[in-house]
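Notes to accompany the following structure.
There are 2 protein chains.
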Amino acid sequence: MKVKEIAQAAGVNPDTVRFYTREGLLSPARNPDNNYQQYDADDLRRLRFARKARQLGFSLPEIRAILDQADDHHSPCPMVREVFEQRLAEVEREIAELQQLRERMTTALSAWREMPDGTPDGHTICRLIEHWDETAAATCHEE
Amino acid sequence: MKVKEIAQAAGVNPDTVRFYTREGLLSPARNPDNNYQQYDADDLRRLRFARKARQLGFSLPEIRAILDQADDHHSPCPMVREVFEQRLAEVEREIAELQQLRERMTTALSAWREMPDGTPDGHTICRLIEHWDETAAATCHEE
DNA sequence: TTTGACCTGTGAGTTGCTCACAGGTTTTAG
DNA sequence: CTAAAACCTGTGAGCAACTCACAGGTCAAA
Numbered sequence: 328m329k330v331k332e333i334a335q336a337a338g339v340n341p342d343t344v345r346f347y348t349r350e351g352l353l354s355p356a357r358n359p360d361n362n363y364q365q366y367d368a369d370d371l372r373r374l375r376f377a378r379k380a381r382q383l384g385f386s387l388p389e390i391r392a393i394l395d396q397a398d399d400h401h402s403p404c405p406m407v408r409e410v411f412e413q414r415l416a417e418v419e420r421e422i423a424e425l426q427q428l429r430e431r432m433t434t435a436l437s438a439w440r441e442m443p444d445g446t447p448d449g450h451t452i453c454r455l456i457e458h459w460d461e462t463a464a465a466t467c468h469e470e
Numbered sequence: 328m329k330v331k332e333i334a335q336a337a338g339v340n341p342d343t344v345r346f347y348t349r350e351g352l353l354s355p356a357r358n359p360d361n362n363y364q365q366y367d368a369d370d371l372r373r374l375r376f377a378r379k380a381r382q383l384g385f386s387l388p389e390i391r392a393i394l395d396q397a398d399d400h401h402s403p404c405p406m407v408r409e410v411f412e413q414r415l416a417e418v419e420r421e422i423a424e425l426q427q428l429r430e431r432m433t434t435a436l437s438a439w440r441e442m443p444d445g446t447p448d449g450h451t452i453c454r455l456i457e458h459w460d461e462t463a464a465a466t467c468h469e470e
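Chain order of the listed sequences is A and B.
In terms of our numbering, the first sequence opens at residue 328 and continues consecutively.
In terms of our numbering, the second sequence opens at residue 328 and continues consecutively.
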């Protein structure tokens, strides 16, 4: 398989395939005639695995670690369980943060309906945002 | 105020102040003696505004647009309302995606409790992840 | 006066791609 | 048979919003 073929088979951008190859997640053979990359079924398996793992929130270094362990005939699954549970906790924290944010946004939006727009006067820039509750917002930071 | 002082007053990293200055959100005067940046109360107001707007999900270009409009004595608030509503919709979409993801993760986790770890055998890399439901996960992509 | 804490600008690193570029190869249409 | 289109190659830059590192200048206190 050439780059475009494996990319289509996995449903990703060919540049992603090239990128993963550069990053060492894929190690295709070479066609000695034209120096093209030659991917096989095992590469496709690895690529699909990597994409699934990405959807689960694994980072590329984590995925590479799992793949490397699999290459060494170690069972990577306990590691997967561990990282997975950490990732689940993170997802739940993100949900909680976003829900807090949403709540404050809808509250602010309904409060704003009664506020005049007001041209900036040198003391306020936009009172809609300046009246946002600072301490409440402080707990909601992106990372 | 010098960089560190305004940074402390707004509760941000001094490098963030420098970065915002480079990006044109802040335009401090200069001390002609030593070429140090000199921030005033208006800069602090702009900085605090920018941070609040960031917490609300505005991008730096958006914030700069608001600030520029305020400088020109236009009322930026209608623009704020508009971008804010877009942002709220986005937050709600993110929440929905993360909730879907969490659900699939907890489902997978409980399914995995009954699965053996299994050393990779050349056909599977880690069955924990390979048995993740592909089509279900396809609807949850990061952007 | 020397140490330490600050200041300056610039450039690189972060993450996971995506795109652009310049040049080589292969396929397809005329 | 040839020319154009579509592919391949590697490398390097761009995204967002910082954060950190570096080398050199400035200033306060001991």
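C-beta atoms are modelled at their ideal positions from N, C-alpha and C, and glycine is treated no differently.
According to DSSP, residue i sits in a beta bridge with which residue or residues?
| i | result |
| --- | --- |
| A357 of chain A | At residue 357 of chain A the sequence reads Arg, which differs from the Ala that was named. A:Q364, per the DSSP bridge assignment. |
So for residue i, helix, strand or coil by DSSP?
| i | result |
| --- | --- |
| E332 of chain A | helix |
| E417 of chain B | helix |
| F385 of chain A | coil |
| N352 of chain A | In the sequence as presented, Asn is not what sits at residue 352 of chain A; that position holds Leu. In this structure, L352 of chain A counts as coil in the three-state DSSP scheme. |
| G338 of chain A | coil |
| R378 of chain A | helix |
| A464 of chain A | Bear in mind that the predicted position of A464 of chain A carries a pLDDT of just 42, short of 50, making it unreliable; the figure below should be weighed with that in mind. Three-state result, A464 of chain A: helix. |
Do residue j and residue i count as a contact pair if the criterion is CB distance below 7 Å?
| i | j | result |
| --- | --- | --- |
| A337 of chain B | R375 of chain B | yes |
| R414 of chain B | G384 of chain B | yes |
| P355 of chain B | D370 of chain B | yes |
| P341 of chain B | K329 of chain B | no |
| Y366 of chain B | I393 of chain B | no |
| R373 of chain A | L353 of chain A | yes |
What distance in whole Å lies between the Cβ atoms of residue j and residue i, which are believed to be in contact at a cut-off of 8 Å?
| i | j | result |
| --- | --- | --- |
| A377 of chain A | Y347 of chain A | 6 Å |
| I422 of chain B | L425 of chain A | 5 Å |
| V418 of chain A | E389 of chain A | Contact doesn't hold; Cβ gap of about 15 Å is too wide. |
| E412 of chain A | L387 of chain A | Not a contact, Cβ separation roughly 20 Å. |
| W439 of chain B | R408 of chain A | 7 Å |
From which residue to which residue does the alpha helix (DSSP H) around residue i run?
| i | result |
| --- | --- |
| R345 of chain B | 341-349 |
| E441 of chain A | That residue, E441 of chain A, is in no alpha helix (DSSP H); it is neither H nor E in DSSP. |
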